[in-house]
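A.B. asks: Numbering (our numbering), first residue to last: 9 to 414.
Even glycine gets a Cβ: it sits at the ideal position worked out from N, Cα and C.
Below is the structure:
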């Protein structure tokens, strides 16, 4: 039984990992059910996806206003009911709120958790961005509430981790943050792997690629980023870097895929910086159309400011044969440096991003040479089948150990 708060309504990096792992386990003949949350709607009938089942829990709200009680009670009830019907051999949690709720349902099965990034740290980053828009008086009250909420979610996440037999991570960055935030020693942490759908995300060559570029309106050198438009994703840093990039390479264009609370401000910033005509905010792009954006781009950029737990979009670009430049944050260096050290910016700043991007644009032959290497690197290191084998072995060890203890 897999527990997640937002899947499949949100398709961020963690949700893509949940989907990929669930498909792999189902493909190996295991019964998989994902218990996922939904706000404001009824739970509805079970859904089928990729060979596994999705059961929904629904709550009126999922906020700090009631101490998350509405969501916790809804998830706990749903988890308990599902466990009575289904008798899971293992529970795999992925998000703090749903993990906390499900692990208080008294289900007699060993539980594990994948720690993607600290819930408290993510909240603080988002809170800092919202705080900038408030008046001084409101800001003081907001800070007090934010501190209370940060303490609450830190406790909930820590409580969930303690209740799990094992805790897993996808990167050294997540392992280090887990040790620093919750004091879990490296010996108690397992490494798992994510993967990429190498059929869905694949290169396009020659006329096929040019046709896709024409359909998408890509003209000249095209940079791509796929991000939620919130502060920690660093789109503002990339827009500022575009000033220097455009001054050196006049025909370059940036396409920003994604939605978020900062879109209006980022569009305004692009115009104020004088790069508005060179930047296109594409908004939400459905999963079925997203691979074409990767295929058509000349260079993918991941300008993360903080908390890059894994970087699924980076892997999607590489699998598509598109080189990716990223800031030296979180898991990004561990993914890109083994392929090419020059793909990792030296610093997380507009200057750092532009210095890392420009050599690839000024020397187009370098881009052409690295594209096949990107695809080969993804094939060698990020196959879902390999990730599934590792996950299955992890589950077997946890179940075996729990029987020995029991």
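Please work out which residues of its chain come closer than 6 Å, Cβ to Cβ, to residue 174, disregarding the five sequence neighbours upstream and downstream, and give them in chain order.
C.D. replies: 120, 198 and 406
A.B. asks: Name the one or two DSSP bridge partners that residue 100 has.
C.D. replies: 10 and 120
A.B. asks: When we look at the beta-carbon of residue 371 and count the other beta-carbons within 10 Å, is it buried (16 or more) or exposed?
C.D. replies: Per the 10 Å Cβ criterion, exposed.
A.B. asks: For residue 141, is the beta carbon positioned less than 8 Å from some heavy atom of the ligand ZN?
C.D. replies: The model depicted lacks the ligand ZN and carries no ligand whatsoever.
A.B. asks: Looking only at DSSP bridge pairs, what is residue 283 linked to?
C.D. replies: Paired residue(s): none; residue 283 is not in a bridge.
A.B. asks: Comparing C-alpha positions only, which one of 207, 126, 58 and 188 sits nearest to residue 22?
C.D. replies: 126
A.B. asks: Pick out the complete alpha helix (DSSP H) segments inside the stretch 192-231, 4 residues or longer, and give them in chain order.
C.D. replies: Segments of the alpha helix (DSSP H) lying fully in the stretch 192-231: 214-224.
A.B. asks: Rounded to whole angstroms, what's the CA-CA distance from residue 214 to residue 82? Just pull it up for me.
C.D. replies: 52 Å
A.B. asks: So if DSSP puts residue 155 in a beta bridge, which residue, or which two residues, is it bridged to?
C.D. replies: None, per the DSSP bridge assignment.
A.B. asks: What separation, rounded to the nearest whole angstrom, lies between the Cα atoms of residue 311 and residue 30?
C.D. replies: 29 Å
A.B. asks: Rounded to whole angstroms, what is the Cα-Cα separation between residue 84 and residue 52?
C.D. replies: 17 Å
A.B. asks: Taking residue 128 and residue 162 to be in contact with their CB atoms under 8 Å, please state how far apart those CB atoms are, rounded to whole angstroms.
C.D. replies: 4 Å
A.B. asks: Contact between the stretch 328-339 and the stretch 35-46 is defined here as three or more beta-carbon pairs at a separation below 8 Å; is this criterion met?
C.D. replies: no
A.B. asks: Distance check for residue 247 and residue 366, CA to CA, integer angstroms please.
C.D. replies: One C-alpha to the other measures close to 14 Å.
A.B. asks: Quick one: what's got a C-beta closer than 7 Å to residue 299's C-beta in the same chain, skipping five residues either side?
C.D. replies: 208, 209 and 328
A.B. asks: Starting from residue 293, trace the beta strand (DSSP E) in both directions and tell me its first and last residue.
C.D. replies: It is not in any beta strand (DSSP E) - residue 293 carries neither H nor E in the DSSP assignment.
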